[in-house]
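Residue numbers (the working numbering): 58 to 447. Note that beta-carbon positions come from the ideal geometry of N, C-alpha and C, so glycine has one too. Treat the numbers as computed from the prediction; the structure is a model and nothing was measured.
Quick look at the structure:
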């Protein structure tokens with residue numbers, strides 16, 4: 058039995074009638090199967106219209122590859138690491154660390170994730186909760202299910218958003234998201250909310266919009282569930298001798314940290330690696346090849362990438378976490394890199410793919426597979442490998 062949705066207004070949009078049919082035929086049955094009550098469906102879907110102002114929409118039914126502006130400037134990693142930006146975040150983070158000490162103590166005990174890591178993600182995702190989260194979350198995910206590039210993906214997110222509302226964790230008015238459908242201060246998609254959000258203040262609701270304890274615990278729970286190893290750090294800045302090729306970078310080319318040390322890799326500032334880390338795997342990380350700082354990353358670095366699949370994101374979080382203790386930047390310099398476009402990077406990737414190199418996909422972005430393939434090509438041509446554009 059269908060739901061009686063409100064009739065369109067005189068100023069109804071071009072897709073409103075089609076959208077109502079989509080909700081009734083595809084979303085309502087799936088939501089009912091997930092246990093969402095008829096009362097919630099009637100209340101939340103009645104009068105709902107698509108938000109056609111969202112970026113990245115296609116047509117009703119969705120589909121089609123994302124449109125990429127390959128004329129856009131390729132952004133080198135250095136621009137993400139302004140000292141002024143970090144100094145402001147460190148100042149706020151230290152204050153919040155003191156204010157929420159009791160909660161953070163409890164979060165660390167329960168989830169095994171250091172407070173500085175949790176705070177750094179909170180900072181990166183929503184400026185410790187200060188960032189504007191402007192959108193009606195249900196409307197966003199339902200619109201993307203109806204006319205976005207990944208309709209099946211967002212159908213699940215729409216059902217999950219309805220389940221959140223049905224469970225009473227937040228009101229529709231307060232369930233705000235980004236334009237991509239990410240919820241609240243930790244920026245969880247609705248399905249991630251259902252899996253990882255935590256009621257840590259004990260009020261019976263998982264409120265990642267207003268409750269700092271719920272926000273902090275939810276971030277930690279996400280990292281724990283994705284494999285955070287208690288007691289290990291995310292990584293260490295190092296110096297890499299010239300005879301260790303940058304083409305050895307990557308999470309699939311790790312070895313015990315002790316072996317990297319025997320080959321000549323050293324921590325910066327004359328520090329030693331913690332003794333317990335030496336027998337554990339480490340991974341060479343050179344996000345700008347030989348034109349920027351280098352690191353030995355641990356498995357926890359790749360857990361941070363589960364939050365956002367970007368080397369720069371994970372490095373930003375790890376570096377900010379380090380600076381809460383001592384607000385000092387990287388020892389290695391980010392050297393000036395000639396600017397180019399994503400299209401030119403993509404052309405280079407396509408040519409390397411044609412020659413048999415694995416660049417991780419020709420997307421105009423330089424991930425670790427592209428970096429090390431560049432290094433291999435440079436070595437084959439008799440050049441000192443830089444693992445970056447030359």
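- request: Would you tell me roughly how many angstroms separate the C-alpha atoms of residue 196 and residue 276, rounded to the nearest one?
  value: In this structure, the CA atom of residue 196 is about 25 Å from the CA atom of residue 276.
- prompt: DSSP state of residue 387, grouped into three classes?
  reply: Looking at residue 387 - three-state DSSP - the assignment turns out to be coil, as it is neither helix nor strand.
- request: Quick one: using the 10 Å Cβ neighbour count with 16 as the cut-off for buried, is residue 264 buried or exposed?
  value: When all chains shown are included, residue 264 counts as buried.
- prompt: Out of curiosity, what's the CA-to-CA distance linking residue 168 and residue 278?
  reply: Between residue 168 and residue 278, the C-alpha separation is close to 6 Å.
- prompt: Does the distance from the C-beta atom of residue 248 to that of residue 213 stay below 9 Å?
  reply: Going by C-beta atoms, residue 248 is nearer than 9 Å to residue 213.
task: Check the C-beta distance from residue 101 over to residue 201 and give it rounded, since I have them as a contact under 8 Å.
output: At roughly 16 Å, the Cβ-Cβ gap does not stay under 8 Å, so residue 101 and residue 201 are not in contact.
query: So, are the CB atoms of residue 233 and residue 271 less than 9 Å apart?
result: The Cβ-Cβ distance between residue 233 and residue 271 does not fall below 9 Å.
message: Here's the rule I'm using: 16 or more other beta-carbon atoms within 10 Å means buried, otherwise exposed. How should residue 406 be labelled?
response: Burial of residue 406 is indicated by the presence of at least 16 other C-beta atoms within 10 angstroms of its C-beta.
query: With DSSP run on the structure shown, which of helix, strand or coil describes residue 296?
result: In the structure shown, the three-state DSSP call for residue 296 is strand.
task: Count the other C-beta atoms from every protein chain shown that fall within 10 angstroms of the C-beta of residue 326, then say buried if there are 16 or more, exposed otherwise.
output: That one is exposed.
field: Distance between residue 88 and residue 359 (C-alpha atoms, nearest Å)
entry: Counting only the Cα atoms, residue 88 lies some 34 Å from residue 359.
- prompt: What residue does the beta strand (DSSP E) around residue 340 start on, and which one ends it?
  reply: Element bounds for residue 340: 338-342.
query: Since residue 72 and residue 204 are thought to touch, with beta carbons under 8 Å apart, how far apart are those beta carbons, to the nearest angstrom?
result: Separation of the CB atoms of residue 72 and residue 204 is rounded to 7 Å, and the pair is thereby assigned contact status at 8 Å.
query: Whole alpha helix (DSSP H) runs in the segment 307-358 with 4 or more residues, listed along the chain?
result: Runs of the alpha helix (DSSP H) spanning 4 or more residues and lying entirely within the segment 307-358 occur at 314-320, in chain order.
- prompt: With burial defined as no fewer than 16 other Cβ atoms inside 10 Å of the residue's Cβ, what is the status of residue 140: buried or exposed?
  reply: Within 10 angstroms of the beta-carbon of residue 140 lie fewer than 16 other beta-carbons, which makes it exposed.
query: What do you reckon, is the C-beta of residue 274 under 8 Å from a heavy atom of the ligand SAM?
result: The ligand SAM is not among the ligands present in this structure, which contains no ligands whatsoever.
query: Would a C-beta distance cut-off of 9 Å place residue 208 and residue 346 closer than the cut-off?
result: Against a cut-off of 9 Å, the Cβ pair of residue 346 and residue 208 comes out as no contact.
- prompt: Taking C-alpha atoms, which residue in 235, 187, 343, 440 lies nearest to residue 295?
  reply: The option with the nearest alpha carbon to residue 295 is 343.
- prompt: How about residue 402 and residue 433: do their beta carbons lie closer than 9 Å?
  reply: No, they are not a contact pair.
message: Using only the alpha-carbon positions, how far apart do residue 330 and residue 392 sit?
response: Between the C-alpha atoms of residue 330 and residue 392 there is a straight-line separation of about 26 Å.
query: How many Å lie between residue 291 and residue 301 at the Cα?
result: So the two alpha carbons sit approximately 22 Å from each other.
query: Helix, strand or coil: how does DSSP classify residue 256 here?
result: Of the three classes helix, strand and coil, the one that applies to residue 256 here is coil, per DSSP.
task: Going by DSSP, name the residue or residues bridged to residue 130.
output: Beta-bridge partners of residue 130 (DSSP): 398.
- prompt: Per DSSP, which one or two residues make a beta bridge with residue 245?
  reply: For residue 245, which the question treats as bridged, DSSP gives the partners 240.
- prompt: According to the neighbour-count rule (16 or more other Cβ atoms, all chains shown, within 10 Å of its Cβ), is residue 388 buried or exposed?
  reply: By the neighbour-count definition (other C-beta atoms within 10 Å, threshold 16), residue 388 is an exposed residue.
message: Within 8 Å, do at least three Cβ pairs link the segment 239-257 to the segment 142-155?
response: Segment contact: the segment 142-155 against the segment 239-257, fewer than three CB-CB distances shorter than 8 Å; contact not assigned.
- prompt: Given a threshold of 16 other Cβ atoms within 10 Å of its Cβ, counted over all protein chains shown, does residue 411 qualify as buried or as exposed?
  reply: Counting Cβ neighbours within 10 Å, residue 411 comes out exposed, since fewer than 16 surround it.
query: Taking Cβ positions, are residue 222 and residue 91 nearer each other than 9 Å?
result: Contact: no.
message: I'd like the list of long-range same chain contacts for residue 68, defined as Cβ closer than 8 Å, with 5 residues on each side in sequence excluded.
response: Below a pLDDT of 50, predicted positions are generally treated as unreliable, and residue 68, at 49, falls in that range; the measurement from the model is reported next regardless. Cβ within range, chain order: n/a, list empty.
Close beta carbons around residue 356, own chain, < 6 Å, minus the five adjacent residues each side: For residue 356, same chain residues with a beta-carbon under 6 Å away, outside a window of 5 residues either side, are 286 in chain order.
- request: Classify residue 182 as buried or exposed, calling it buried when 16 or more other Cβ atoms lie within 10 Å of its own Cβ.
  value: Buried: at least 16 other Cβ atoms inside 10 Å.
message: My output table needs one value for residue 108: the three-state DSSP class, helix, strand or coil.
response: In the displayed model, residue 108 falls within coil according to three-state DSSP, outside both helix and strand.
task: Assess, as a yes-or-no matter, whether the segment 106-118 is touched by the segment 379-386 under the definition of 3 or more beta carbon pairs within less than 8 Å.
output: Contact between the segment 379-386 and the segment 106-118 is absent: fewer than 3 CB-CB pairs across the two stretches fall below 8 Å.
- prompt: Whose C-beta lies closer than 8 Å to the C-beta of residue 107 among residues of the same chain, with five residues either side of it excluded?
  reply: Excluding its 5 nearest sequence neighbours in each direction, residue 107 has C-beta neighbours in its own chain below 8 Å: 70, 72, 73, 76, 196, 199, 200, 203, 204, listed in chain order.
query: Could you give the distance in angstroms between the alpha-carbon of residue 427 and the alpha-carbon of residue 189?
result: Between residue 427 and residue 189, the C-alpha separation is close to 35 Å.
- request: Could you name the residues that DSSP lists as bridge partners for residue 193?
  value: According to DSSP, residue 193 shares a beta bridge with 233.
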